[in-house]
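Here's the structure we're looking at; comments come further down.
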Amino acid sequence: MAQLSLRGVRKNFKNVEVLQGIDLDIRDRELIVFVGPSGCGKSTLLRLIAGLDPMTAGEFVLNGKSMQGVAPSKRDIAMVFQSYALYPHMNVYDNMAFGARLMGLSKAEVQARIDEAAGMLQLEPLLDRKPRELSGGQRQRVAIGRALARKPSVFLLDEPLSNLDAALRSDVRLEIAKLHRKIGATMIYVTHDQVEAMTLADRIVVMRGGLIEQVGTPRELYETPANAFVGTFIGSPRMSLLETTRDGPHFGIEGSGSIALPGAPETGQKVTLGLRPDAMHLGLADAPDGFDAEFEYAEYLGNEAYLYARLGDGTRVSLKGDTASCAHQPGDTVRICPDPAQLHYFDTETGRSFRSA
Amino acid sequence: MDAPDTTEAPTQKSRLPRLRMSGRGMWITFLLVPPLAVMALFVIYPIVSALAYAFYDWQGLRRGEFVGFANFSKVLFDEPFATTTWNAFKNNVFVFFALMIIQNGLGFILAYALWRDLPGARFHRIAVFLPVVLSTVIIGYVWKLFFHPIFGAVNQLLRSVGLDVFAGPWLGDPDTALNALIFVNAWAWVGFPTLVFLAGLQRIPSEILDAARMETDSELLLIRKIIWPLIAPSATVCFILLFIGSFNWFELPYIMVGLDGSPFGTTDVLGLYFYRTAFGNQSAGIQDFGMGSALAVLMFLFIAVVATVWTIYLRRREIEV
Chain A
1 MAQLSLRGVR
11 KNFKNVEVLQ
21 GIDLDIRDRE
31 LIVFVGPSGC
41 GKSTLLRLIA
51 GLDPMTAGEF
61 VLNGKSMQGV
71 APSKRDIAMV
81 FQSYALYPHM
91 NVYDNMAFGA
101 RLMGLSKAEV
111 QARIDEAAGM
121 LQLEPLLDRK
131 PRELSGGQRQ
141 RVAIGRALAR
151 KPSVFLLDEP
161 LSNLDAALRS
171 DVRLEIAKLH
181 RKIGATMIYV
191 THDQVEAMTL
201 ADRIVVMRGG
211 LIEQVGTPRE
221 LYETPANAFV
231 GTFIGSPRMS
241 LLETTRDGPH
251 FGIEGSGSIA
261 LPGAPETGQK
271 VTLGLRPDAM
281 HLGLADAPDG
291 FDAEFEYAEY
301 LGNEAYLYAR
311 LGDGTRVSLK
321 GDTASCAHQP
331 GDTVRICPDP
341 AQLHYFDTET
351 GRSFRSA
Chain B
1001 MDAPDTTEAP
1011 TQKSRLPRLR
1021 MSGRGMWITF
1031 LLVPPLAVMA
1041 LFVIYPIVSA
1051 LAYAFYDWQG
1061 LRRGEFVGFA
1071 NFSKVLFDEP
1081 FATTTWNAFK
1091 NNVFVFFALM
1101 IIQNGLGFIL
1111 AYALWRDLPG
1121 ARFHRIAVFL
1131 PVVLSTVIIG
1141 YVWKLFFHPI
1151 FGAVNQLLRS
1161 VGLDVFAGPW
1171 LGDPDTALNA
1181 LIFVNAWAWV
1191 GFPTLVFLAG
1201 LQRIPSEILD
1211 AARMETDSEL
1221 LLIRKIIWPL
1231 IAPSATVCFI
1241 LLFIGSFNWF
1251 ELPYIMVGLD
1261 GSPFGTTDVL
1271 GLYFYRTAFG
1281 NQSAGIQDFG
1291 MGSALAVLMF
1301 LFIAVVATVW
1311 TIYLRRREIE
1321 V
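Right, here's the structure in full:
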């Protein structure tokens, strides 16, 4: 059982405000991912939850108990660090047993827990080794095993995959997902990689500049981003943002003409259209409701292709196309036709979505 | 070792790299010979000749006949020399253990406090290290004045706060003289272990400490189980250098209490005794290069053997962070 509640959490380092008021509830057994660009405060928030740094203001309640002044080791929280942070002078067994022993468990209990964790993570053959004798992936598993052996109610994982190579990364990602299903503990996972966030999370917390931009399931974030930042941060290749001027149902871009979008929501005059690569296609030169653009280049991927073009106002758009579109030459004028059903409308000034507003 | 790129080259061409190698070899020789010559002349030759001196009978500056281990046997087993030797050795041992506790122990505590960045850490980092750069001559002279029974700052301070009972002739009392010297040495040198330990502490990755803090809130446990093992290399340096320094101790006692290790030999150490024996002074009544060399050789062997064995032992418990 673990329910976490953060209320008005702020953190200042000297006079820099790193977290500017975080309100968040995390449910029991949830795998929640904090995602955002570097410096958005996601790791800081994790350290506050761990108790490694004090909060400047706000409240953190775990299972109905305020964590104000509670030492990290007394919070029933375990953390997996980016650099693994294994104790270099202890072998794998002792690394995992250190915390468990300090909890006052009997020798047999410690042994049982380590057997269980080692079994789950296939660490049995490595128990006698020192960390320096392990590969990166093995160290990562030991770090997770060390957290497992304490059987905490909350796991914190701080960019646990960023020191692994790409192939290993997807393997370990899968293992973490499996592990979460198996042990059913609450997990908070920090990453700057939106693919990790999308594939692992029950819910994602998108952060920017010390604030939460949106909280939701991967599907919610992808389909109904609360603002242009979330729209562009989630999804790859990223959503293209087209700044338009509205005149009734017509949305115009300087140098690219205008299109009519009769079903558009109530908006102001300045509207940013958010278009994912598959929400537009290349039309015929005289197709109605399209923008003129200059073709730049194509990425051929075998079964499909990503095309890049520049609109009249200089905005670059990326769209998914069939492989035949690769025949276009750089400099060709093409017609980009958005699919009105998949459009996102954002306020150009504030970035907020008109649909969710 | 062969040059790696010559293996596949045709025989005719393989001569060229070898020529270059010999040019390289000459260059290396040219760089190595002068320092080796200086080393041989000023380090190896004196050690070897001291070793040789120890096996001869000496009349003043004139070398007499070969006497085997007679000089060694005299300083170790024949009275009155043996008592002095063992007394001096015993004092060295005491100095070493006392400094291990006071100088290295305090050094670690200071380093820990500086590392935790307590208020004023920047100032104290400099203040603690300052005496280390002072010359031993100055330190000895100044503290000799401080310990003066009548005018000394130490006694005046004690009297001014009403602790007259403790005021005494610090360097003249057999019970306090050696302790006073040890105190001054610790005062002067504590900055060195502090600096070495601080460097070791600063090398510990912060995430390892965070990981440990996630598992325990006991600072003592953290120090004992995580920090101390991780700064083992610093401890090795501090321990070994202190060991060598303690058994080579000379300047400070020489300046503060004189060559005789007064009062009554209570501050006598092997360094002083060696100097007296080899070069003589009014009170020693003897000047014998043979016995002095024997003492020097014994000191050298003792320090070298113990330091080597201990270093090997300490190295073994070190780990790479």
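Heads up: the protein sequence lines correspond to chains A and B, in order. The numbers in this note's numbering rise by one with no breaks, and the one at position 346 of the first sequence is 346. Every number in this note's numbering is 1000 more than the matching position in the second sequence, counting from 1. Note that CB positions come from ideal geometry on N, CA and C, so glycine has one too.
Does the distance from the C-beta atom of residue i to that of residue j stay below 8 Å?
i                       : j                       : result
residue 77 of chain A   : residue 156 of chain A  : yes
residue 256 of chain A  : residue 293 of chain A  : yes
residue 69 of chain A   : residue 9 of chain A    : no
residue 1140 of chain B : residue 1263 of chain B : no
residue 60 of chain A   : residue 134 of chain A  : no
residue 92 of chain A   : residue 48 of chain A   : no
residue 251 of chain A  : residue 258 of chain A  : yes
residue 1193 of chain B : residue 1103 of chain B : yes
residue 320 of chain A  : residue 278 of chain A  : yes
residue 4 of chain A    : residue 52 of chain A   : no
residue 86 of chain A   : residue 117 of chain A  : no
residue 1327 of chain B : residue 1111 of chain B : It is not possible to answer for residue 1327 of chain B, since the shown part of chain B is limited to 1001 through 1321.
Taking DSSP as the reference, what is the three-state secondary structure of residue i?
i                       : result
residue 1218 of chain B : coil
residue 131 of chain A  : helix
residue 310 of chain A  : strand
residue 1104 of chain B : helix
residue 109 of chain A  : helix
residue 1245 of chain B : helix
residue 1156 of chain B : helix
residue 137 of chain A  : helix
residue 1286 of chain B : coil
residue 2 of chain A    : coil
residue 192 of chain A  : coil
residue 1071 of chain B : helix
residue 222 of chain A  : helix
residue 239 of chain A  : coil
residue 345 of chain A  : strand
residue 1204 of chain B : coil
residue 1009 of chain B : With a pLDDT of only 43 at residue 1009 of chain B, under 50, the local geometry of the prediction cannot be trusted, and the value read off the model is given with reservation. Residue 1009 of chain B falls in the coil class under three-state DSSP.
residue 1198 of chain B : helix
residue 1065 of chain B : strand
residue 301 of chain A  : coil
residue 172 of chain A  : helix
residue 1315 of chain B : helix
residue 1280 of chain B : coil
residue 146 of chain A  : helix
residue 267 of chain A  : coil
residue 1223 of chain B : helix
residue 187 of chain A  : strand
residue 250 of chain A  : strand
residue 326 of chain A  : helix
Given residue i, which residues of its chain have a CB within under 7 Å of its CB, disregarding the five upstream and five downstream residues?
i                       : result
residue 1259 of chain B : 1272, 1275, 1276 and 1281
residue 1010 of chain B : In this prediction, residue 1010 of chain B scores a pLDDT of 46, lower than 50, which makes its location untrustworthy; the coordinate-derived value is nonetheless stated afterwards. Nothing meets the Cβ criterion.
residue 140 of chain A  : 84, 160, 164 and 172
Could you round the C-beta distance between residue i and residue j to whole angstroms and report it? I think they count as a contact, below 8 Å.
i                       : j                       : result
residue 265 of chain A  : residue 354 of chain A  : 5 Å
residue 1042 of chain B : residue 1055 of chain B : Going by Cβ atoms, the distance from residue 1042 of chain B to residue 1055 of chain B rounds to 22 Å, so no, they are not a contact pair.
residue 282 of chain A  : residue 242 of chain A  : Residue 282 of chain A to residue 242 of chain A, Cβ: 15 Å. No contact.
residue 210 of chain A  : residue 41 of chain A   : 4 Å
residue 1157 of chain B : residue 1256 of chain B : That belief does not hold up - the Cβ atoms of residue 1157 of chain B and residue 1256 of chain B are roughly 19 Å apart, past 8 Å.
residue 300 of chain A  : residue 318 of chain A  : About 14 Å separates the two Cβ atoms, so there is no contact after all.
residue 31 of chain A   : residue 180 of chain A  : 5 Å
residue 267 of chain A  : residue 246 of chain A  : 6 Å
residue 1081 of chain B : residue 1090 of chain B : No, residue 1081 of chain B and residue 1090 of chain B are not in contact; Cβ-Cβ is about 15 Å, not under 8 Å.
Output, in chain order, the set of chain E residues within a Cβ distance shorter than 9 Å of residue i.
i                       : result
residue 1224 of chain B : Absent here is chain E; the protein component of the structure consists of chains A and B.
Keeping to the same chain, check which residues put their C-beta closer than 6 Å to that of residue i; ignore five residues upstream and five downstream.
i                       : result
residue 12 of chain A   : 56
residue 177 of chain A  : 200
residue 154 of chain A  : 2, 77 and 186
residue 1149 of chain B : 1169
residue 168 of chain A  : 137
residue 198 of chain A  : 218
Using C-beta distances below 8 Å, list every residue in its chain close to residue i, excluding the 5 sequence neighbours before and after it, in chain order.
i                       : result
residue 1304 of chain B : none
residue 82 of chain A   : 158, 159, 160, 162 and 163
Handout entry: Contiguous alpha helix (DSSP H) assignments of at least 4 residues, all confined to the segment 1110-1190 of chain B
Key = 1121-1133, 1136-1146, 1153-1160 and 1177-1189
Exercise for the section: Return the chain-ordered ranges of every alpha helix (DSSP H) run that is complete within the segment 1244-1277 of chain B and spans a minimum of 4 residues. Expected result: 1251-1257
Handout entry: Segments of 4+ residues assigned as alpha helix (DSSP H) that fall wholly inside the segment 62-131 of chain A
Key = 92-102 and 107-120
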